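Take 576 as the starting number for the sequence shown in our numbering and just add one per residue.
Just so you know, even glycine gets a beta-carbon here, dropped at the ideal spot from N, CA and C.
Quick caveat, the model's predicted, so the values are computed rather than measured.
First the structure, in the form of structure tokens, and then the observations on it.
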Amino acid sequence: MLTKVDNNDSRYGVIMISRTGRPSMAEAITLGLVATGAVSIAIAAVMGTIGAAAEIFGSPVPVLLPVHDAPMGSLADVAGVASASYAESVVSFETLDAGTRWLLFGERALPAVATIIVCMSLWWLGLSLIRQRTFRKSMVPVLGTAAIALVVAGMVGPFLGTIARAQAVELLPASADQFYAFLYELDPAPIGWGIALALVVSAFEVGRRLQRETEGLV
Numbered sequence: 576m577l578t579k580v581d582n583n584d585s586r587y588g589v590i591m592i593s594r595t596g597r598p599s600m601a602e603a604i605t606l607g608l609v610a611t612g613a614v615s616i617a618i619a620a621v622m623g624t625i626g627a628a629a630e631i632f633g634s635p636v637p638v639l640l641p642v643h644d645a646p647m648g649s650l651a652d653v654a655g656v657a658s659a660s661y662a663e664s665v666v667s668f669e670t671l672d673a674g675t676r677w678l679l680f681g682e683r684a685l686p687a688v689a690t691i692i693v694c695m696s697l698w699w700l701g702l703s704l705i706r707q708r709t710f711r712k713s714m715v716p717v718l719g720t721a722a723i724a725l726v727v728a729g730m731v732g733p734f735l736g737t738i739a740r741a742q743a744v745e746l747l748p749a750s751a752d753q754f755y756a757f758l759y760e761l762d763p764a765p766i767g768w769g770i771a772l773a774l775v776v777s778a779f780e781v782g783r784r785l786q787r788e789t790e791g792l793v
């Protein structure tokens, strides 16, 4: 809807036109569903973190250890199978020191925290879009925090797990040399999403600056 606004300045006779309006019903429903879904995923991440804590700080503690040179004998003579081996093994420890437990928990908790931050950012973005206040001042730090959380979780989480598994391997007999003493596997997906979100943050900052300049002209 276009609304004419006169500044009552007879010297210039300036007529300013501004555009106002609300999102359509379909847009509001879609944004509401996105915001609700984001909150639901965040709650699921919280519940998953609580379950991981109960598992890790309980006894026995199941630890997923990467293995090498562990052939799968049951498939050795199967026709059409060239070779088969185990890549991981779950070892349950009756006793495990608190430091190792906290490292294992950090590996599970960091991605969950990043998920919660991203979901809350999406909820805030959806709410801002519904209210037609997309380029509000708080949007840049909110999305920026989500981008940093994704990168940190993608890099630090696996590293904490690697240290924890290395400490767990030290508790095993010396004959168990089929376990990797130190194996750091980096998943680039969260880091890539964090970088992409950082670019979105830059776009929001540019939009907010343009909006502020436009309001200054008005």
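Taking 8 Å as the cut-off, the beta carbon of Leu-697 is found closer than this to the beta carbon of Ala-613. Remark: C-beta atoms of Pro-641 and Glu-663 approach each other more closely than 8 Å.
If you keep only unbroken alpha helix (DSSP H) runs of at least 4 residues inside the segment 745-777, you get nothing at all. Within the same chain, Cβ atoms closer than 6 Å to the Cβ of Ala-684 are found at Thr-624, the five residues on either side in sequence being excluded. In this model, Gln-753 and Ala-743 are separated by some 13 Å (Cα to Cα). With 16 or more other CB atoms across the displayed protein chains lying within 10 angstroms of its CB, Met-714 is buried. For Ala-721 against Ile-692, the beta-carbon gap comes to about 5 Å, under 8 Å, which counts as contact. With 16 or more neighbouring CB atoms inside 10 Å of its own CB, Thr-675 falls in the buried class. Partner residues in a beta bridge of Pro-733, as assigned by DSSP, do not exist. Counted as a single uninterrupted DSSP element, the beta strand (DSSP E) harbouring Leu-640 occupies residues 636-641. In the structure shown, Ser-713 falls within a coil segment according to DSSP collapsed to helix, strand and coil.
The DSSP-derived three-state label of Glu-663 is strand.
Taking Phe-757 as reference, the option from Leu-606, Arg-740, Ala-728 and Ser-777 with the minimal CA-CA separation is Arg-740. Taking C-alpha positions only, Glu-745 is separated from Ile-738 by approximately 11 Å. Counting along the chain, Gly-633 sits inside no alpha helix (DSSP H), nor does DSSP assign it H or E at all. Shortest Cα-Cα distance from Ala-689 to any of Ser-703, Glu-760, Thr-670 and Leu-718 involves Leu-718.
Sequence-distant Cβ neighbours of Gly-701 in its own chain, meaning closer than 8 Å and more than five residues away, are Leu-606, Gly-607, Val-609, Ala-610 and Ala-613.
If the five residues before and after Leu-679 are omitted, its C-beta is found closer than 6 Å to the C-beta atoms of Ile-631 and Ala-739, all from its own chain and listed in chain order.
Between Leu-704 and Leu-772, the beta carbon gap of about 17 Å keeps them out of contact (Cβ cut-off 8 Å).
No residue range can be given for Glu-669, since it is assigned to no alpha helix (DSSP H) and is classified by DSSP as neither H nor E. Taking a C-beta distance under 8 Å as the contact criterion, Pro-635 and Ser-667 qualify as a contact pair.
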